[in-house]
Every structure is written in C-alpha cells, then in structure tokens.
Amino acid sequence: MSGRIEARLAELAIELPSPPAPVAAYVPYVQTGNLIFISGQVSFLGEDRSSTGKVGADLSPEAGKAAARNAALNTLAHLKNACGGNLDRITRCVSLRIYVASAPDFTGQPGVGNGASELVGEIFGNLGKHARAAVGVTALPLNCAVEVESVWEID
Amino acid sequence: MSGRIEARLAELAIELPSPPAPVAAYVPYVQTGNLIFISGQVSFLGEDRSSTGKVGADLSPEAGKAAARNAALNTLAHLKNACGGNLDRITRCVSLRIYVASAPDFTGQPGVGNGASELVGEIFGNLGKHARAAVGVTALPLNCAVEVESVWEID
Amino acid sequence: MSGRIEARLAELAIELPSPPAPVAAYVPYVQTGNLIFISGQVSFLGEDRSSTGKVGADLSPEAGKAAARNAALNTLAHLKNACGGNLDRITRCVSLRIYVASAPDFTGQPGVGNGASELVGEIFGNLGKHARAAVGVTALPLNCAVEVESVWEID
Numbered sequence: 073m074s075g076r077i078e079a080r081l082a083e084l085a086i087e088l089p090s091p092p093a094p095v096a097a098y099v100p101y102v103q104t105g106n107l108i109f110i111s112g113q114v115s116f117l118g119e120d121r122s123s124t125g126k127v128g129a130d131l132s133p134e135a136g137k138a139a140a141r142n143a144a145l146n147t148l149a150h151l152k153n154a155c156g157g158n159l160d161r162i163t164r165c166v167s168l169r170i171y172v173a174s175a176p177d178f179t180g181q182p183g184v185g186n187g188a189s190e191l192v193g194e195i196f197g198n199l200g201k202h203a204r205a206a207v208g209v210t211a212l213p214l215n216c217a218v219e220v221e222s223v224w225e226i227d
Numbered sequence: 073m074s075g076r077i078e079a080r081l082a083e084l085a086i087e088l089p090s091p092p093a094p095v096a097a098y099v100p101y102v103q104t105g106n107l108i109f110i111s112g113q114v115s116f117l118g119e120d121r122s123s124t125g126k127v128g129a130d131l132s133p134e135a136g137k138a139a140a141r142n143a144a145l146n147t148l149a150h151l152k153n154a155c156g157g158n159l160d161r162i163t164r165c166v167s168l169r170i171y172v173a174s175a176p177d178f179t180g181q182p183g184v185g186n187g188a189s190e191l192v193g194e195i196f197g198n199l200g201k202h203a204r205a206a207v208g209v210t211a212l213p214l215n216c217a218v219e220v221e222s223v224w225e226i227d
Numbered sequence: 073m074s075g076r077i078e079a080r081l082a083e084l085a086i087e088l089p090s091p092p093a094p095v096a097a098y099v100p101y102v103q104t105g106n107l108i109f110i111s112g113q114v115s116f117l118g119e120d121r122s123s124t125g126k127v128g129a130d131l132s133p134e135a136g137k138a139a140a141r142n143a144a145l146n147t148l149a150h151l152k153n154a155c156g157g158n159l160d161r162i163t164r165c166v167s168l169r170i171y172v173a174s175a176p177d178f179t180g181q182p183g184v185g186n187g188a189s190e191l192v193g194e195i196f197g198n199l200g201k202h203a204r205a206a207v208g209v210t211a212l213p214l215n216c217a218v219e220v221e222s223v224w225e226i227d
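Residue numbers (our numbering), protein chains in the order written: chain A, 73 to 227; chain B, 73 to 227; chain C, 73 to 227.
Structure follows, in structure tokens:
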C-alpha cells in the first residue's frame, strides 16, 4: 500500500473493489511479453447492479458515464492482481475498448466512455493516456450498460 | 500429426475443418513478434450454415453456444496453418473476443461464448486459459450468429 | 514527402486528411514495443459528415464502403504522425477492426469493410495484408456509419 499509484488512489479517495470473478470459462487477465490483456469488465460494482439496461433508453448518458467508471474500477482491481499488487509497475495504459449497450438512436458513446478514460487519466497521469474505441452494442452480459476491455504495458 | 495437441484433438475426437477462406480483402492471420492475430471467424462449419440469425430470437442460447464452438474450430484451423502445422508451438491463448448477434433483450452472451472458451480449454489445458470479452451485436457477416476474433502467443 | 509510401500515395492521388482530434479523453495512438495501437477512427472526413446513420437503412452498402475508406484515411493520418512522418517505417498492418452501424437485417459488413482493407492494400502492398474482424453494431459515436480500430507494426 505504499506505492506512487496507491498514494494517488488514496489522494483521490478511490478504493478499488474486490476483483469480480469471471462469469464464464475464462480468466481475468493474461500477460504476454510486457502486455497485459484484461478481460471485458462489466459495470456492476459488487452487489450494485443499478447500471442495468441500455444507455439512451433505460439509463441517462450521465448514468452511462458512471457505469463506465465502474467498469474501469473493476478493470483496475484485476490489473492490480496482474501486477502482483504493485500498480507502479504499469508503464502505460495502451488501449481501452468501451462497449456501450445503446438505444438505436443513442450516439453519445464518447461521453460515456470518458467515465473510464478520465478515471485512468486521474490515476495514472501521462502513463494513463491511451488509445480508445467506443461503440454502441445491442446488449451486454447480465444486461449491464457498459463493458470495458483493455490492454496495459508492464515493466 | 504426432504432436501433443494433435493427440489431444484425437482423444477428444475433434477433427479440425478446412480453414475457411476470408470473405473479403484480408488474410486469415498475421504474426507480429510472438503474437498471432487471427481474423474474425464466423460460425458456419463448411457447408453447414444452420447457425444463422440472432441468438434469443432465431437461435436458442444452446444453439448459440454450438455456433461459438464452430467459430472456434475455424479459428483453430487457421491457427494450425499459422503454426506451420504444429499446434504444439502455441504457448498461450491470449484473448478471445466473442461477438454474438443478439436479439435486443438477449443478455446471455457469456454462456454463448463458453462454446468457444470451453473448447480451447479442453484442447490446450492451462495454456488455453485466456482473457475474453463477449458482447451482443446487431448483425454479423453472412448473417452468422457468432464471430470469434483471437490473439495467440507462439514460441 | 520522399519515401516509398509517400510516392505510392501520390501515384494513387490520395491526400491524407488532417488527423482528426479525439472526441473525448484519450489520445490518437499509443506505441508499445513495435506495435502501434490507433484509436477508433470515425468515417467523417474533415467537415464532410455525409456518412451519417446506419448502413442498410440510411446508407447504401456502397456508401458504407466509402465511409470505411474515409475512416481508414483518418487512421493513416494518425499513423503518419505515429511514425514521425515517415510511413516507410511501417512493417505491417497487423489488424483492422471494422465496426459498421447496421440496420438489424444488414449483413454485408465484409463488403463495407473492404473500403478500408482495399485502401490499405493499395497503399502498402504485401505489408498491408492484415487480419480483420467486421461486425454490425447498434450505433457509433456522432452517428457516423463506420469506425475503424487498428494495430500496426513499426520497425
């Protein structure tokens, strides 16, 4: 609990959740070389499943943005495990892919995705500047509103 | 036909299909460093196009899971070529991305994706443990039900 | 403006657009090792936003293919920056992911994606042969018709 990133988390009053168990036959992350691929993380935070449904119909864009932040928090919880508990080993957030369960006429996926992107930026600073794609999909696992898939570089 | 993975395929009575030709202007796989990127594979197996339509409307979740298994079989057929015929050279399944053509209210993408994930686990054991994302999309090429995109690590 | 790829662009009478600014809190590209991840690029070209809506409903497949080409042009504009202005440093197009905003019954995503794939092939030749996935999604940022996400290998 002493590293630079842990200090930043404390400064931001951000507590990482327990990393959620995969909901199917896969693992939360794989490291290959100095890249870590994190499995798609849903937007439920612990028992809180309020981010359910489609943005633009069941959820407001603001609620969608909060859902993306939650998916990023779950991502970071797994990333910490992938680093052996030391997030200071992360040398770059390479890419985030933001899937937004969307009403057919909702096109504000970039704003929703910022819930994840801004969190990563607040915590990691320059090392958090990432490539990104945000797309609107039909439906997501467990009817969650946002899923975030990511790739990270480790020392 | 003598390797460890070939023996496992025989034990499981799994025969890989002929690798399907790309349906457009790209190639089935690219290797960069020790990563192999396999193009999105559809769920048709040879002439069998029964896995057509959207899961939750035209197909049951079980049929969707079988479709995902087919897409994984097509993936492995290309992967074998990418390895020069020797699947023992694969040191890790890094990630699977499962696109499920979904009715708007179908949220069982994780169970569908298991058709691919479980096959990879049965064949590769610990080396088959992969990161994954499963999402529900509007429509897929040729009206197939499932498409699987993947990244693998080779020695 | 003297390299091999620049000469090929001139031969094809292709002028790269100004690289569009990200529409949210991320950067256009990240390099890790010898891979460059380019953020999802939309199909608007400068002020031209005619590629709006869903292919199969608001746009014809041909207009969708043109939109994919535009998204690839925006991709190349950022890629050129990522190479310090010298596209000859690119040793391979690794993968393109083509998201097509699609009417529910539109399944011609491969033909749409060819608008991007063929452009990359024309410019880069054998080095442009890439892995690919094309999927139909519900909606895309700014209501654009096509978004292209890509990975490239640099020397």
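All C-beta atoms, glycine included, are put in the ideal place defined by N, C-alpha and C.
Note that the structure is predicted; figures quoted are calculated from it, not measured.
- When rounded, the separation of the alpha-carbon atoms in A:Leu117 and A:Lys201 is 24 Å.
- Counting C-beta pairs closer than 8 Å gives three or more between the segment 141-153 of chain A and the segment 99-115 of chain A, which meets the contact rule.
- According to the DSSP assignment, C:Val184 belongs to the alpha helix (DSSP H) that extends over 181-196.
- Three or more beta-carbon pairs separated by less than 8 Å are not found between the segment 160-168 of chain C and the segment 192-207 of chain B, which leaves the two stretches without contact.
- Around the C-beta of B:Ala93, fewer than 16 other C-beta atoms lie within 10 Å, and the residue is accordingly described as exposed.
- Relative to the Cα of B:Leu168, the nearest Cα in the group B:Thr179, B:Ala140, B:Tyr98, B:Leu214 belongs to B:Ala140.
- Listed in chain order, the positions of the segment 186-220 of chain B with a beta carbon within less than 7 Å of a beta carbon of chain A are Asn186, Ser189, Glu190, Gly193, Lys201, His202, Ala203, Arg204, Ala205, Ala206, Val207, Gly208, Val209, Thr210.
- Taking 8 Å as the CB threshold, A:Ala135 stays off the interface with chain B.
- The segment 203-212 of chain C makes contact with the segment 174-191 of chain C; the number of CB pairs closer than 8 Å reaches 3 or more.
- One finds Leu107, Arg164, Val166, Glu225 in chain C with Cβ atoms closer than 7 Å to the Cβ of B:Thr104, taken in chain order.
- B:Asp177 has a beta carbon lying within less than 8 Å of a beta carbon in chain A.
- The beta-carbon of C:Gly183 is placed less than 8 Å from the nearest beta-carbon of chain B.
- If the five residues before and after A:Lys137 are omitted, its C-beta is found closer than 7 Å to the C-beta atoms of Gly183, Val184, Asn186, Gly187, all from its own chain and listed in chain order.
- Its Cα nearest to that of C:Gln103, the residue A:Arg164 stands out among A:Arg164, A:Glu83, A:Ser123, A:Ala82.
- Within chain A, Thr210, Ala211 have C-beta atoms less than 8 Å from the C-beta of B:Ser174, given in sequence order.
- A:Val95 has a beta carbon lying within less than 8 Å of a beta carbon in chain B.
- For A:Ile77, the enclosing alpha helix (DSSP H) starts and ends at 76-83.
- Assigned with DSSP and collapsed to three states, C:Ala139 falls in helix.
- Within the same chain, Leu117, Gly118, Leu145, Asn146, Ala149 come within 7 Å of C:Pro89 by CB-CB distance, once the 5 residues on both sides are set aside.
- DSSP links B:Leu131 through a beta bridge to B:Val127.
- Among the bridge pairs identified by DSSP, B:Asp120 is matched with B:Leu117.
- If you look at C:Ala203, you'll find it in the beta strand (DSSP E) that goes 203-209.
- Residues of the segment 110-144 of chain C with a Cβ closer than 7 Å to any Cβ of chain A, in chain order: Ile110, Ser111, Gly112.
- An exposed status is given to A:Ala85, since fewer than 16 other beta-carbon atoms sit within 10 Å of its beta-carbon.
- Measuring C-alpha to C-alpha distances from C:Val223 to each of C:Pro133, C:Gly105, C:Pro91, C:Arg76 identifies C:Gly105 as the nearest.
- Taking the Cα positions, A:Asn215 is about 8 Å away from B:Phe178.
- In this structure, the alpha-carbon of B:Val220 lies about 18 Å from that of A:Ile170.
- Setting aside the 5 residues that flank it on each side, C:Thr210 has no residue in the same chain whose C-beta is closer than 6 Å to its C-beta.
- Shown here, B:Gly156 sits in coil according to DSSP, grouped into three states, outside any helix or strand.
- Minimum Cα-Cα distance from A:Val99 among the listed residues B:Leu212, B:Leu199, B:Asp227 corresponds to B:Leu199.
- Annotation for A:Ile226: the continuous beta strand (DSSP E) segment containing it runs 218-226.
- Taking C:Ala143 as reference, the option from C:Pro176, C:Pro213, C:Asp227 with the minimal CA-CA separation is C:Pro213.
- Taking C-alpha positions only, C:Ser123 is separated from C:Pro176 by approximately 18 Å.
- Per DSSP, C:Ser90 lies in no beta strand (DSSP E) segment and is marked neither H nor E.
- A straight-line Cα-Cα distance of about 17 Å links B:Asp120 and B:Val127.
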